[in-house]
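Numbering (this note's numbering), first residue to last: 652 to 737.
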């Protein structure tokens, strides 16, 4: 709503959901480009990530996402397995 009315000042954006990086490089880059366009003062974009989703990116793609504003990834070790919870 604030963006719709011209409020574009924010320093941080957090991409939420189970694993936002699982959408792939092209979609993530478009999202980061839109954030940069519509929120020009945003200094940092952060997101949850998994090892599985990160491993689907090349080093060059991860570097490009960093250049586009992705600065912080929270990597979790979640599991529902009984052996790993002991």
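Even for Gly, the Cβ is constructed at its ideal location relative to N, Cα and C.
- Between the stretch 662 to 675 and the stretch 697 to 712 there are three or more C-beta pairs closer than 8 Å, enough to call the two in contact.
- Contact check for residue 687 against residue 719 passes: the beta carbons are separated by less than 8 Å.
- Contact between residue 716 and residue 683 holds, with the beta-carbon distance rounding to 6 Å and staying under 8 Å.
- Annotated as distal: residue 708 and residue 662, with beta-carbon spacing of 8 Å or more.
- Contact between residue 697 and residue 725 is confirmed by a C-beta separation of about 7 Å, below the 8 Å threshold.
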